[in-house]
Each structure stands twice: as structure tokens, then as C-alpha cells.
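Peer 1: My questions all concern the structure below.
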Amino acid sequence: MTVQKLERNIFQRLFGLCSTRKPSEKGGWTTAAGKIIVELDAMPELKSKGAAVRLEGKGLKDPVLLVHGDDAAYHAFKNRCTHGKRAIDPVPGTETIQCCSVGTSTFSYDGSLIEGPAKGPLTVYRVDQDSDVLTITV
Ligand code: FES
1 MTVQKLERNI FQRLFGLCST RKPSEKGGWT TAAGKIIVEL DAMPELKSKG
51 AAVRLEGKGL KDPVLLVHGD DAAYHAFKNR CTHGKRAIDP VPGTETIQCC
101 SVGTSTFSYD GSLIEGPAKG PLTVYRVDQD SDVLTITV
């Protein structure tokens with residue numbers, strides 16, 4: 001598999017700045033008992049394949065990257081690279097996830113490392129879809 005690098009400037013790479021944003025509508029997701037419930041109707045950022053949002057706060061132990069995959073499925077990851085714990089972004093059109101730091105470790109949707117200095121796979125969370133509602137088990 002050929003790895004495609006996200007276009008970032010040196011400042012973004014040095015500080016590991018990701019391009020994925022938090023959801024614009026704060027009420028589009030909730031947490032309870034180890035689950036994240038996402039209402040897709042209230043998450044316009046996820047309409048397109050290859051798009052993603054960062055879910056942080058609301059009692060979550062770790063930040064989560066939620067991706068509307070190029071395979072049309074939804075995928076959720078602990079938003080920490082296993083090299084230096086930097087944030088990760090999807091690489092649209094490639095079915096891969098990439099670290100935002102200089103190392104650009106790249107992973108497949110199942111979390112496995114494809115390329116880069118990461119020490120192991122990403123933590124992948126189970127995502128169940130029922131119509132327009134996602135349940136992520138964290
Ligand atoms: S922190 Fe991800 S490659 Fe270094």
C-alpha cells in the first residue's frame with residue numbers, strides 16, 4: 001500500500017496540530033456508562049466520507065477521533081498516536097489515519113501500523129450504527 005502524506009506546514013508538524021475539529025453542535029453527542037452516543041443528524045461535519053470529528057470532554061478518559069470512513073462505515077480511535085501521543089487525522093480517499101507530528105505514522109482503519117515510528121497499533125473502539133445513531137464503546 002502506498003502511503004499518502006497529509007499536507008501540513010512545518011509548524012503544524014512540529015507541534016502535532018491536527019486539522020480535525022470538534023463538532024459544531026455540542027449537543028450532538030453524549031456519554032454514559034462507557035458509551036458515546038452520536039446523533040448523526042446533529043453532526044453535519046460527518047456527512048462526507050473521509051470526514052472526522054474530535055470528541056473530547058464530557059467525562060471521556062481519552063480523546064476520541066470519529067471518522068466517516070471512505071468505506072462508508074464509521075470508525076472510532078483513541079486520538080493518540082502510539083509513538084509520541086500526538087493527535088491523528090484521517091487521510092481522505094485512502095482509508096488510512098495519520099499522525100499529525102513529524103513522524104507521520106500511518107495506520108489502517110483496523111488500527112494496524114502501516115508505516116512510521118509508532119510503537120504499535122492505534123486503540124480502536126467498537127462503533128455500532130442504528131439508523132442515524134452511533135454507539136461507540138470506549
Ligand atoms: S507522535 Fe506520531 S509519529 Fe511520532
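The opening residue of the sequence shown carries number 1 in full-length UniProt numbering; numbering runs sequentially from there.
The C-beta atom is built at its ideal place from N, Cα and C for all residues, glycine as well.
How far does the alpha helix (DSSP H) with L55 in it extend, from its first residue to its last?
Peer 2: Per DSSP, L55 belongs to no alpha helix (DSSP H); it is in the beta strand (DSSP E), 52 to 55.
Peer 1: Short check: CB of A118 to CB of C100, under 7 Å?
Peer 2: Taking 7 Å as the Cβ cut-off, A118 and C100 do not qualify as a contacting pair.
Peer 1: Could you give the distance in angstroms between the alpha-carbon of L134 and the alpha-carbon of W29?
Peer 2: Put simply, the backbone Cα of L134 is about 9 Å away from that of W29.
Peer 1: Run the proximity test for S48: is its beta-carbon closer than 6 Å to any non-hydrogen atom belonging to the ligand FES?
Peer 2: no
Peer 1: CA-CA distance, P90 and G34?
Peer 2: 24 Å
Peer 1: In or out: E56 buried (at least 16 other Cβ within 10 Å) or exposed?
Peer 2: exposed
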